[in-house]
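2 protein chains.
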Amino acid sequence: MTKQEALNILKGKIAETQAIGQLSNVFHWDSTTDGGAPKTSFGYRSASIAFSSGEQYKRIVADDTRAAFETLEGDASLTSEEAAMARDFARAYRLNSAIPKAELEKFSALTTEADNAWRAAKDKSDYASVESYFARIFDFVRRVADWRGYKDHPYDALLDEYEIGLTVRTLDGFFGELRGTIVPLLRKIAHSDAKPRKVKERFLPGQQRILTYRLADMVGFDSSRGRVGETVHPYSMMINPDDIRIAIAYNGDLLSGLYSTIHECGHAIYNQGVRKDLYPYGLSDSMSMGMHESQSRFYENIIGRSRAFTGVLLRLLKVRFPYFQDWSADELYSAVNIADPSLIRTEADELTYCLHIMVRYEIEKKILQGEVNTNELPELWNALYKEYLGISPKKHSEGVLQDTHWSGGAVGYFPTYALGTAYAAQLLNALSKSVDWKGDIAKGNFSKVHGWLKENVHAHGGLFLPEEVLLKATGERFNPVYYTKYLNEKFGAIYSV
Amino acid sequence: MTKQEALNILKGKIAETQAIGQLSNVFHWDSTTDGGAPKTSFGYRSASIAFSSGEQYKRIVADDTRAAFETLEGDASLTSEEAAMARDFARAYRLNSAIPKAELEKFSALTTEADNAWRAAKDKSDYASVESYFARIFDFVRRVADWRGYKDHPYDALLDEYEIGLTVRTLDGFFGELRGTIVPLLRKIAHSDAKPRKVKERFLPGQQRILTYRLADMVGFDSSRGRVGETVHPYSMMINPDDIRIAIAYNGDLLSGLYSTIHECGHAIYNQGVRKDLYPYGLSDSMSMGMHESQSRFYENIIGRSRAFTGVLLRLLKVRFPYFQDWSADELYSAVNIADPSLIRTEADELTYCLHIMVRYEIEKKILQGEVNTNELPELWNALYKEYLGISPKKHSEGVLQDTHWSGGAVGYFPTYALGTAYAAQLLNALSKSVDWKGDIAKGNFSKVHGWLKENVHAHGGLFLPEEVLLKATGERFNPVYYTKYLNEKFGAIYSV
């Protein structure tokens, strides 16, 4: 096979997987937004979901795909786009082909069933009814680790799927550092006299919606190349380079809707900023969950919960809602930065959020080490919450049953949330050297921040590995100290501790 | 190949085409409703559309498909569902395989281009800029007629694609009958003293929307198994047996939005009423465009524009809109039945509608006979409008450029619109023997009408040919006299002529 033949094969596969991917992504959007497809019809829909993923799989795990990326491996004459394309196929082939096809299909059926069982179990707070599913899922992922192979720790084989190269060694260091900062900081905050004002009003969906449009526009989401939908669990999604969408939930809690809007805009702005010429190489999206999360959290937390932005935000709120007439920007700043240990990860504040991740990380690690059985999970969960956050759930629905990840088989995913947050702080440090972000944001001007991120992160899409992006953008490798420093300074000041 | 093997092959093909069909239908819905996918992204989307239709084609025109339906042909031991499934595959194979694949692909690219050219041409009312596309398209369909073969008239080969077994002979008779009724009736109406009241108010989308929901519910659209969306050109669509959707346009014209709602509900109620066990045989939809249109027009015209219904409708309107306070039900009845020759087919009234179809029918027939060239089309169009409707367009955008069908390659489609109307009148005659429809509808009670249609038409889905459905439901073959009688009686009374 010649180099040109190999490139043509891979580009052909990409065009086809993109054609299928658009269909299945739109199908998912249709299931979950603006009322969604009728619930009664979901039985019929599963055939289309299985069809799309089967068709995608066929194009990755194929003899000609393998022959093509093997032909290109180590070819120094490739452009960086071609090399990245071959790298991604090799990686996807390795991740997928390691698992016997029949096992993968059984697992896919299992997680569909498990997900239904989990929803019912969560409603009734009944761990026992889902335990056997968890047992089979954890058993499967342990075998996945073996099939894929690993050097130091079986968990590494799973972590790598969501964040290339991520290991237990890295995370132990990172989370150790983080705990050493957050836990004492929280202890001091608990004794602080600061009593942040809280938003007590409930708001109508229509009121929340109009704010979403205004905010999305302000932070730089290009609505001519995307859509804003309504859903139950917010998310963002790329259909193609000119159609990047966010779906937002309006539940009456104004701040929650507003910050999830900024969060999803962070993801969407990332995708909207990728060089369009990367599309035919399949590089239109970040290859790193952590880097993606760094952008959503950069917009949501670093910018969105900054003192500079709360001034701008308050002006928007005062125009629309009489409730905020007597609020000051400082009060709003404290209100959006309340640090208060709570039980539900998705509702956690910026400071305590990573502790929720660490609980899950420790549990997954122990599971992969074979140190804990599924019947011990609730107890372990509660003990770790007590240890890290000082509180412990009364009901499993607010504890071990709160997340969808395990019933969906996504073991190794959680740490990317924490990693993204730390990437964001390291990027902020670099950005601050050339952009007066506080001054700009206070004026409601996002263009320089946006421009810096686009140039240094977004534009590259999936061209570089996360460590390469960080190195290029910040001049150094991943360093969690920027994040701990950021947390200490920010929350130290807010709570005067 | 055994019978069982053949059945399994065809059922497998159906499951796959349904999986793909759900994806592509949802994709189309997503492009056209509630704001729609960003216009800028349409270039990327075409790859997914081409992919789906290619995948569908592959499953129809395939050696094993052919071997399977040939194995089953004439097998007397098949159930009626199995036989209908084999019949449909044989038909689809014949229609598709007659055209060389390379030609089909060229034609598909041509119609995409032509459709864009037509939109631009319509905007500028510039026929010359689209003429060469029309020429190539008509040339292609003439060759399609030859490839497929025909007995009496080349047009028959195209008509059959949209309505199985439909011929020029049938249509000449039908349209002759129809012209003999409508043209003299219109002449008398033109001299009538009746001056129907007109709705002059404009309404907000929100006001129209709330009426759509109420009406859809009243006429029997099951919203737990479907959705109502907003679009520019109204349509209905089946995703699967539990997800049947209508998309409505709200342009300020209350009656137009309201009657297009009832029209689309007619299509949707048809699909919602099909026996669910027909799905695995690919028989969940009517196999007849005419029969489908018969249901939409039954609901829209026969029921919706009846005196019985306008009483119910007026009560709904009075509750919501002060504008209608001084209207009587008789006035509303006349207002929704104004018979007035106009230029635009989609805005035509019940009486003149079929004349618009006849113009197109005559033109398509002449094209297939090779009697007219594309440069003569505008002149011929205008002459036929003058002859049939007594008026003639000043601009091509209101004349020969008004429809999307020709640039899309759908030659032979128009007649099914008129056919459906006549089917509806024949069905009404049969239904009236056992259902007091006027009495029921006057009470806002659709259940018996709905029940009769469901039992006699909807439930069968694609099991029977249109002529079989008519025969079973009405006891006789297609007979256009019911329709001409209906028009004479209804409009004779309204206009006292």
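Line by line, the protein sequences are chains F and D. All letters in the first sequence, in the order written, are residues 1 to 497 by the numbering used here. All letters in the second sequence, in the order written, are residues 1001 to 1497 by the numbering used here. Note that CB positions come from ideal geometry on N, CA and C, so glycine has one too.
Under 8 angstroms between C-beta atoms of residue i and residue j
i, j, result
"S1125 of chain D", "A1117 of chain D", "no"
"L1211 of chain D", "F1298 of chain D", "no"
"D156 of chain F", "V141 of chain F", "no"
"N574 of chain F", "I137 of chain F", "With chain F covering 1 to 497 only, the question about residue 574 of chain F has no answer from this structure."
"L254 of chain F", "V199 of chain F", "yes"
"G290 of chain F", "T416 of chain F", "yes"
"K448 of chain F", "V435 of chain F", "yes"
"V1359 of chain D", "L1384 of chain D", "yes"
"G1408 of chain D", "D1115 of chain D", "yes"
"S1334 of chain D", "R1197 of chain D", "yes"
"Y495 of chain F", "N429 of chain F", "no"
"F134 of chain F", "T374 of chain F", "yes"
"L1484 of chain D", "E1177 of chain D", "The residue you asked about is not Leu; residue 1484 of chain D is Thr in the sequence shown. Result yes, Cβ atoms of T1484 of chain D and E1177 of chain D sit closer than 8 angstroms."
"R202 of chain F", "G252 of chain F", "yes"
"I1391 of chain D", "L1380 of chain D", "no"
"L499 of chain F", "Y388 of chain F", "Look at the range of chain F in this structure, 1 to 497, and you will see that residue 499 of chain F is not part of it."
"H263 of chain F", "S306 of chain F", "no"
"K106 of chain F", "T65 of chain F", "no"
Closer than 7 angstroms at the beta carbon, the chain F residues around residue i
i, result
"I1269 of chain D", "Those do not exist, as I1269 of chain D stays about 15 angstroms from chain F at its closest Cβ, beyond 7 angstroms."
Min CB distance residue i to chain B below 8 angstroms
i, result
"G1035 of chain D", "Looking at the structure shown, chain B is missing, and the protein chains on hand are F and D."
Neighbour flag for residue i against chain D, beta carbons, 8 angstroms
i, result
"P241 of chain F", "yes"
"G273 of chain F", "no"
"R225 of chain F", "yes"
"S53 of chain F", "no"
Contacts that residue i makes with chain D (C-beta to C-beta distance below 9 angstroms)
i, result
"Y44 of chain F", "Q1018, Q1022, I1239, N1240, P1241, D1242, D1243 and Y1279"
8 angstroms CB neighbourhood of residue i in its chain, flanking five on each side removed
i, result
"P1100 of chain D", "W1147"
"L1471 of chain D", "R1477"
"G1043 of chain D", "none"
Residues that residue i contacts on chain F, provided the C-beta gap is smaller than 8 angstroms
i, result
"D1030 of chain D", "V26, W29 and D30"
Same chain only: Cβ atoms within 7 angstroms of residue i, ignoring 5 sequence neighbours per side
i, result
"D1243 of chain D", "R1225 and G1226"
"Y1150 of chain D", "D1156 and A1157"
"N25 of chain F", "M237 and I239"
"K454 of chain F", "G273"
"Y1213 of chain D", "V1228"
"S48 of chain F", "F27"
is_contact[residue i, chain F] using C-beta, thresh 8 angstroms
i, result
"P1205 of chain D", "no"
"T1040 of chain D", "yes"
"S1236 of chain D", "no"
"F1221 of chain D", "no"
"A1015 of chain D", "yes"
Buried versus exposed call for residue i [16 or more other C-beta atoms within 10 Å across all chains shown]
i, result
"A102 of chain F", "exposed"
"L1204 of chain D", "exposed"
"G1462 of chain D", "buried"
"D1088 of chain D", "buried"
"D1030 of chain D", "buried"
"R1119 of chain D", "exposed"
"M1287 of chain D", "buried"
"P1038 of chain D", "buried"
"D1160 of chain D", "buried"
"T1002 of chain D", "exposed"
"T1079 of chain D", "exposed"
"S284 of chain F", "buried"
"H191 of chain F", "exposed"
Partners in chain D for residue i, counting only beta-carbon separations shorter than 7 angstroms
i, result
"S48 of chain F", "A1019, Q1022 and L1023"
Own chain residues within Cβ distance below 6 angstroms of residue i, not counting five before or after
i, result
"Y279 of chain F", "P241"
"L332 of chain F", "T310 and L314"
"L1377 of chain D", "V1400"
"L1431 of chain D", "W1452"
Partner residues on chain D for residue i, Cβ-Cβ distance less than 8 angstroms
i, result
"A109 of chain F", "What A109 of chain F touches in chain D: nothing, since even the nearest Cβ is about 16 angstroms away."
Any non-hydrogen atom of the ligand SAM within 7 angstroms of residue i CB
i, result
"S97 of chain F", "Of the ligands one can find in the structure shown there are none, so the ligand SAM has no counterpart to examine."
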